[in-house]
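Protein chains in written order, with this note's numbering: chain A, 93 to 407; chain B, 93 to 407; chain C, 93 to 407; chain D, 93 to 407.
Reviewing the structure listed below.
Protein chains: 4
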Amino acid sequence: MSTELPDVQASPPDIKINLTRVGVKNVKKLVEVARAGGKRPVILISDFHIFVDLPSEMKGANLSRNFEAMYEVLEEAISMPIYEVEELCSEVARRLLLLHDYATTAEVGMRSEYMLKRKTPVMKISCQEPAVIFAEAKAYRTPSGVRIKKIVGAEVVGMTTCPCAQELMKERVSERLRERGMGEEEIESLLQLIPMPTHNQRGRGMISIEAEDEVKIPMDKIIRIIEASMSSKTYEVLKRPDEAAIVESAHEKPMFVEDCVREMAKRVVENFTELPDDSTITIVQINEESIHQHDAVAERVASMGDLRRELGASE
Amino acid sequence: MSTELPDVQASPPDIKINLTRVGVKNVKKLVEVARAGGKRPVILISDFHIFVDLPSEMKGANLSRNFEAMYEVLEEAISMPIYEVEELCSEVARRLLLLHDYATTAEVGMRSEYMLKRKTPVMKISCQEPAVIFAEAKAYRTPSGVRIKKIVGAEVVGMTTCPCAQELMKERVSERLRERGMGEEEIESLLQLIPMPTHNQRGRGMISIEAEDEVKIPMDKIIRIIEASMSSKTYEVLKRPDEAAIVESAHEKPMFVEDCVREMAKRVVENFTELPDDSTITIVQINEESIHQHDAVAERVASMGDLRRELGASE
Amino acid sequence: MSTELPDVQASPPDIKINLTRVGVKNVKKLVEVARAGGKRPVILISDFHIFVDLPSEMKGANLSRNFEAMYEVLEEAISMPIYEVEELCSEVARRLLLLHDYATTAEVGMRSEYMLKRKTPVMKISCQEPAVIFAEAKAYRTPSGVRIKKIVGAEVVGMTTCPCAQELMKERVSERLRERGMGEEEIESLLQLIPMPTHNQRGRGMISIEAEDEVKIPMDKIIRIIEASMSSKTYEVLKRPDEAAIVESAHEKPMFVEDCVREMAKRVVENFTELPDDSTITIVQINEESIHQHDAVAERVASMGDLRRELGASE
Amino acid sequence: MSTELPDVQASPPDIKINLTRVGVKNVKKLVEVARAGGKRPVILISDFHIFVDLPSEMKGANLSRNFEAMYEVLEEAISMPIYEVEELCSEVARRLLLLHDYATTAEVGMRSEYMLKRKTPVMKISCQEPAVIFAEAKAYRTPSGVRIKKIVGAEVVGMTTCPCAQELMKERVSERLRERGMGEEEIESLLQLIPMPTHNQRGRGMISIEAEDEVKIPMDKIIRIIEASMSSKTYEVLKRPDEAAIVESAHEKPMFVEDCVREMAKRVVENFTELPDDSTITIVQINEESIHQHDAVAERVASMGDLRRELGASE
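Shown next, in the form of structure tokens:
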């Protein structure tokens, strides 16, 4: 029945111009993510985008028909447990190119909230910490078949304390102690015991890694690196001893947005030793400054090779 | 020409049920707000909603026709400078009731970003601070004419520092000083000079006041009260001496969300002495906790009379 | 250890004013929703708010301590499968009142995305349709114990076609046929076969029902009513025969926002026969008008008794 | 006074890695845009981001100090009327490079709501249509001085009608007329008079043009092109004759997202004849499909030279 209906999309358009991307976004789908150790899989509501390119000779990408194919692929792919969400994107992108011979590239991306299980530092209380995970696959048609590049990344919230304001407070306090007749050595030794106040705030760290499809990029590692690269992690439940411990440790590790990005970069180099030099690393830190209404931002986009060279030179 | 067209909306509907509100929202309009002292008026892009009620006998409120009327009213109203945005809402609501004899109530509301001109505390640098202002008017048809109740309110961002974590830090530091052999009196006197660190964050205070149309509710006063009722104001530009001053003064006035709401309530009672007892006051504080991913909230909804009684009893 | 720490929150505040609500919002938690027929449970990431009231004599609600209690309750409650999400909210609200003797009310609410499994009308293709579900429980301390009122609701997207523009198009087309010499009867009979174009758009219907805790309010029924009360449902996958069927059927059932609200009201009365007269029903329809940038809105807030009376009178 | 304070940012960091971007975002500022013909200037609340790069030897970009400089520049720049918002961005970016000798690039971007004055097609009623405008400048330090590339763009909402569903409806209606005994020619001639229904929706078109600083890129032209490249414009006020005219004309020009992008591309080539071949054009169309909950998207990113070649070849 469907074949007898008019196929407006396949007809040549009046204006013959290539299109870089045609597709759909904000597609919500349940995705079942298998977990290690026999644990029950987590089912996430994920947000997908799916694009192909379109040659100048075709009026439309037939989104409804293509989308149906995409949907079936997605359905089939998620009926078997997957261990890495980027495999799902790669699989859909690969099949899209096989199904649609007019397309030379296909892009499939997903973004999802994800809950991390963590324990508080002192009382060891279990809590669930929301994070965002994302993955993308871009398939290219080549003479020898289909080549796929993928992106895997995450965004995690933590706490940052400002080094600059803390230094200013230290100056102020030292001055007062001096006025009271205290000696420099005594002041220094006293301030070893007393963390200086500063403004602190929610920060959001983001790392995304782009590499060839074969390269393994464990999402867990990315998340752990971001968590470790702020002044402190945050926790949804904090009893007093935990709250005190977190506030103190955050004040012992003051960090600018710049510091967070550099620390993430260093840890990526240290922890992803197997990653090829031509992988692209994007690292971003955004601090929701508590003394301003605007946000502070730092970003590094670089090849893994460049990061390695810069770090090597700095050691 | 328009009158010959079919009037679907005026026909009786199949299901005869009254409607509480029919109208439009997310209507963007330029509003010119006149300023005192001969300054050039500010033109704001505001977001309006406009509703009337609808009796069971009418199929539709004829949104397009009504909306056109609303639009004309708005156009005319904003062609003359207004000093209080709520006057604009009252005027539109009043005319809507006169134009549409089927309606017994009309609601008109607006919400807009607004820029406050402020100076930093030490260096007196001018800066622009964004805030949100809103107003609403509800007109009721009564035997003796139209009665209007209005709402005026604002939402402002500031900084809050946590009293609980600060007290915990004080205990920790005192304990360390004791271990070092320092006496209680000496510790106490030393900690007078040194502000203890704590987590701090962006907070958002909101006050809205509902009263009869005749009552004056200066928006400026509301904004000043919210700004004064957090641990510190925030500023878009801060040189070092300003940054140090703000961090220190915020740590000298630690506040829970509960404290912010209570301080706003107290200031409303002190500053709006002319407000009748039957005015309704809504006060909300939301802190974007830097040690959690969730927000802390406190709220009070009360008549002005109740606030006065509670404050009087507490003195 | 925790008990030795200072308890800032329990101390009396400087400003002794009652607080209507103190608590947290934007708390993300995994919630496991059991499903009928032995199907694997769905795990949703839900957004919670949790409030208690606070007497004037207490400085703070001790959010971190309370929150920990809230968290444990939530943890325990969700470890057993639940069939109705509002049971979860009721359970948490009830326990909060038992745990915190200073509070006289406790409010717990959740909001979550949810995926509906649906089949397209012609080709019977399975697809997943996102919807929003929400529930709230408000517990009051009474002389005889704890009384709970709950809210259950959902928000679903569908398609609406405008009756007014369709009527205008019918007039235009009729006029053209008249000019061509066609008689009134022939025109009428011809236009029976040809659906007239009109503007159409995404609409969002919302129903929320508030009742005593004992009353059963099946979420499924609410969702089905909203879906049935627009010009057509929407589907994430549509092959051509389905797309044609949906466009045609939507044009055969043109609806204003007012019509959607009234149809939902009628279906609520018909389908919730067991609901007591004092339940409160809130019904909202929002159309993202394709010919405007603003949205059209209709709303009814009424007791179930009033809806029954109005519908009875209109028959 | 400021110089005596510690300068944490200028010290060398522990981890010596370059940063691509360091700065602030979500900075709200009033911007006064002068208008031709002696009209009073419009004052917009705009959202800015301001970045510089940072060498590995510097710990921090000294956001507060830099930001202050940025702020002064912005303040000064907006005190004189500007005719093109991108000039403002270029000016700030240029000065940033002059002020900060460690930086090799500086990026300044702004985004703002803007109100277009339009008249409805039939009744010529004036109305205000919201749009989004944006501009960006990127300054590079070169041996011969500073080189600036800029981006100017806009995003405008309109209405799109689906060609595919319309063709399907035409088939359906033709079949019915055939069954009634009508001949093919008669059917064809009749359907010339009667626009077929289809699903339609809000669409959003976006064009951004990147070029050397000297090139003129009138924002007005961009906006006009987007408005003309959908099935119809939308209007905030529509009396019945206007509503009918718009619905009909939109149905006479059905367009896929692909068609909108191609039409925008064609108009850019025709209207920006003076634009150099190496300018980069990005064109996006997003349709909020009324039959789905997801959005359809088409995009073209190309050099002006490529667009010219493709269009030339297709004629």
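From the three backbone atoms N, C-alpha and C, an ideal C-beta is built for every residue, glycine too.
Worksheet item: Anyone know if the C-beta pair for residue 390 (chain A) and residue 184 (chain D) falls short of 8 Å?
Response: Position 298 of the first sequence holds residue 390 (chain A). Position 92 of the fourth sequence holds residue 184 (chain D). Remark: C-beta atoms of residue 390 (chain A) and residue 184 (chain D) do not approach each other more closely than 8 Å.
Worksheet item: What distance in whole Å lies between the Cβ atoms of residue 251 (chain A) and residue 294 (chain A), which are believed to be in contact at a cut-off of 8 Å?
Response: Within the first sequence, numbered from 1, the residue matching residue 294 (chain A) stands at position 202. Within the first sequence, numbered from 1, the residue matching residue 251 (chain A) stands at position 159. For a cut-off of 8 Å, the C-beta gap from residue 294 (chain A) to residue 251 (chain A) is around 7 Å, short enough to register as a contact.
Worksheet entry | Rounded Cβ spacing between residue 123 (chain A) and residue 204 (chain A) (contact assumed at less than 8 Å) | Start at 1 with the first residue of the first sequence, and residue 123 (chain A) comes out as number 31. Start at 1 with the first residue of the first sequence, and residue 204 (chain A) comes out as number 112. The distance from the Cβ of residue 123 (chain A) to that of residue 204 (chain A) is about 7 Å, consistent with a contact at the 8 Å cut-off.
Worksheet item: Under three-state DSSP, which class holds residue 254 (chain B)?
Response: On the second sequence, residue 254 (chain B) is found 162 positions in, with the first residue counted as 1. Three-state DSSP puts residue 254 (chain B) in coil, outside helix and strand.
Discussion item. Here's the rule I'm using: 16 or more other beta-carbon atoms within 10 Å means buried, otherwise exposed. How should residue 272 (chain B) be labelled?
Written reply: As a working note, residue 272 (chain B) is residue 180 in the second sequence. Classification for residue 272 (chain B): exposed.
Worksheet item: For residue 211 (chain C), which residues from the same chain have a beta carbon less than 7 Å from its beta carbon, with the 5 sequence-adjacent residues on both sides left out?
Response: In the third sequence, residue 211 (chain C) corresponds to position 119, counting from 1. If you ignore the 5 residues before and after residue 211 (chain C), its C-beta comes within less than 7 Å of the C-beta of 217 and 218, all in its own chain and listed in chain order.
Item to complete: Answer with yes or no whether the minimum CB distance from residue 260 (chain B) to chain A is below 8 Å.
Response: By 1-based counting over the second sequence, the position of residue 260 (chain B) is 168. Closer than 8 Å to some Cβ of chain A, the Cβ of residue 260 (chain B) qualifies, so yes.
Worksheet item: For residue 258 (chain D) versus residue 215 (chain D), is the C-beta distance shorter than 8 Å?
Response: Locating residue 258 (chain D) in the fourth sequence gives position 166, where the first residue counts as 1. Locating residue 215 (chain D) in the fourth sequence gives position 123, where the first residue counts as 1. Not closer than 8 Å, so no.
Practice prompt. Let me know the alpha helix (DSSP H) ranges lying completely inside the stretch 215-276 of chain D, each 4 residues or longer, listed in chain order.
Written response: The DSSP assignment places 255-271 as complete runs of the alpha helix (DSSP H) inside the stretch 215-276 of chain D, in order along the chain (cut-off: 4 residues).
Discussion item. What would DSSP say about residue 94 (chain C), mapped onto helix, strand or coil?
Written reply: Against the third sequence, residue 94 (chain C) aligns to sequence position 2. For residue 94 (chain C), the predicted model reports a pLDDT of 38, less than 50, meaning its position is unreliable and no value from the coordinates is stated.
Discussion item. Would residue 109 (chain D) and residue 120 (chain D) be called neighbours here (beta carbons separated by less than 8 Å)?
Written reply: For this step, residue 109 (chain D) is matched to residue 17 along the fourth sequence. For this step, residue 120 (chain D) is matched to residue 28 along the fourth sequence. It is not a contact, given that the beta carbons lie outside the stated cut-off.
Discussion item. If you reduce the DSSP assignment to three classes, tell me which class residue 207 (chain A) lands in.
Written reply: The residue given as residue 207 (chain A) occupies position 115 in the first sequence. Here residue 207 (chain A) sits in strand by DSSP.
Worksheet item: Hey, does residue 339 (chain B) have any beta-carbon neighbour from chain F nearer than 8 Å?
Response: The chain labelled as chain F is not found among the protein chains of the depicted structure, namely A, B, C and D.
Fill in: Within 8 Å of chain C by C-beta, residues of the stretch 350-361 of chain B in sequence order
So the list reads 350, 351, 353, 354, 355, 357 and 358, given in the order they occur along the chain.
Worksheet item: Can you tell me the Cα-Cα spacing of residue 135 (chain D) and residue 209 (chain B), whole angstroms?
Response: Within the fourth sequence, numbered from 1, the residue matching residue 135 (chain D) stands at position 43. Within the second sequence, numbered from 1, the residue matching residue 209 (chain B) stands at position 117. Straight across, the Cα-Cα distance linking residue 135 (chain D) with residue 209 (chain B) is about 15 Å.
Fill in: Counted within 10 angstroms of its Cβ, other Cβ atoms place residue 270 (chain D) as buried (16 or more) or exposed
Translated into positions along the fourth sequence, residue 270 (chain D) becomes position 178. It counts as exposed.
Worksheet item: How about residue 376 (chain D): is its Cβ closer than 7 Å to a heavy atom in the ligand COA?
Response: This structure lacks the ligand COA; in fact it carries no ligand of any kind.
Worksheet item: Beta carbon of residue 319 (chain A), beta carbon of residue 244 (chain A): below 8 Å?
Response: Here residue 319 (chain A) refers to the residue found at position 227 of the first sequence. Here residue 244 (chain A) refers to the residue found at position 152 of the first sequence. Cβ atoms of residue 319 (chain A) and residue 244 (chain A): not closer than 8 Å.
Worksheet item: Roughly how many angstroms separate the alpha carbons of residue 94 (chain D) and residue 337 (chain B), rounded to a whole number?
Response: In the fourth sequence, counting from the first residue as 1, residue 94 (chain D) sits at position 2. In the second sequence, counting from the first residue as 1, residue 337 (chain B) sits at position 245. With a pLDDT of only 38 at residue 94 (chain D), under the threshold of 50, the placement of this residue in the model should not be trusted, and no figure is reported.
Worksheet item: Roughly how many whole angstroms lie between the Cα atoms of residue 345 (chain D) and residue 254 (chain D)?
Response: Counted from its first residue, the fourth sequence places residue 345 (chain D) at position 253. Counted from its first residue, the fourth sequence places residue 254 (chain D) at position 162. Going from the Cα of residue 345 (chain D) to the Cα of residue 254 (chain D) covers about 9 Å.
Worksheet entry | Assumed close pair residue 373 (chain A), residue 360 (chain A) - CB separation to whole angstroms, cut-off 8 Å | Position 281 of the first sequence, counted from the first residue, corresponds to residue 373 (chain A). Position 268 of the first sequence, counted from the first residue, corresponds to residue 360 (chain A). So it is a contact: roughly 6 Å between Cβ atoms.
Worksheet item: Between residue 93 (chain C) and chain B, is there a C-beta pair that is closer than 8 Å?
Response: Against the third sequence, residue 93 (chain C) aligns to sequence position 1. Reliability of the predicted coordinates at residue 93 (chain C) is poor, the pLDDT of 33 falling under 50, and no value is obtained from them.
Worksheet item: How many angstroms separate the CA atom of residue 266 (chain C) from the CA atom of residue 339 (chain D)?
Response: Your numbering for residue 266 (chain C) matches position 174 in the third sequence. Your numbering for residue 339 (chain D) matches position 247 in the fourth sequence. C-alpha separation (whole angstroms): 16 Å.
Worksheet entry | Rounded separation between residue 363 (chain C) and residue 140 (chain D) - CA only | Locating residue 363 (chain C) in the third sequence gives position 271, where the first residue counts as 1. Locating residue 140 (chain D) in the fourth sequence gives position 48, where the first residue counts as 1. Spanning the two alpha carbons is a distance of roughly 52 Å.
Worksheet entry | Start-to-end residues for the alpha helix (DSSP H) that takes in residue 314 (chain B) | Here residue 314 (chain B) refers to the residue found at position 222 of the second sequence. For residue 314 (chain B), the enclosing alpha helix (DSSP H) starts and ends at 311-320.
Item to complete: Note down, in chain order, every chain C residue with its Cβ under 8 Å from the Cβ of residue 327 (chain D).
Response: By 1-based counting over the fourth sequence, the position of residue 327 (chain D) is 235. Contact of residue 327 (chain D) with chain C by beta-carbon distance below 8 Å involves 383 and 384.
Worksheet item: Taking only beta-carbon atoms, is residue 101 (chain B) less than 8 Å away from chain D?
Response: In the second sequence, counting from the first residue as 1, residue 101 (chain B) sits at position 9. Residue-level contact by beta carbon fails for residue 101 (chain B) and chain D, as no gap is shorter than 8 Å.
Worksheet item: Which stretch, first to last residue, makes up the beta strand (DSSP E) that contains residue 412 (chain D)?
Response: Given that chain D is displayed from residue 93 to residue 407, the structure contains no residue 412 (chain D) and the question cannot be resolved.
Worksheet item: What is the residue span of the beta strand (DSSP E) that residue 403 (chain C) lies within?
Response: For the purposes of this step, residue 403 (chain C) is taken as the residue at position 311 of the third sequence. It is not in any beta strand (DSSP E) - residue 403 (chain C) instead sits in the alpha helix (DSSP H) that spans 396-405.
Item to complete: Given a cut-off of 8 Å, decide if residue 220 (chain C) and residue 328 (chain C) are closer than it, judged by their beta-carbon atoms.
Response: On the third sequence, residue 328 (chain C) is found 236 positions in, with the first residue counted as 1. On the third sequence, residue 220 (chain C) is found 128 positions in, with the first residue counted as 1. Contact flag set, yes.
Worksheet item: With which residues is residue 388 (chain B) paired in a DSSP beta bridge?
Response: In the second sequence, counting from the first residue as 1, residue 388 (chain B) sits at position 296. Paired residue(s): B:379 and C:116.
Discussion item. In whole angstroms, give me the CA-to-CA distance for residue 276 (chain B) and residue 285 (chain B).
Written reply: Mapped onto the second sequence, residue 276 (chain B) falls at position 184. Mapped onto the second sequence, residue 285 (chain B) falls at position 193. Cα atoms of residue 276 (chain B) and residue 285 (chain B): separation of roughly 15 Å, rounded to the nearest angstrom.
Practice prompt. Indicate whether at least one CB of chain D lies closer than 8 Å to the CB of residue 492 (chain B).
Written response: In the structure as shown, chain B starts at 93 and stops at 407, and residue 492 (chain B) therefore has no counterpart that could be examined.
Worksheet item: Quick one: any contact between the stretch 291-309 of chain D and the stretch 227-247 of chain D, if contact means 3 or more CB pairs under 8 Å?
Response: Because the criterion of three Cβ pairs below 8 Å is met, the stretch 291-309 of chain D and the stretch 227-247 of chain D touch.
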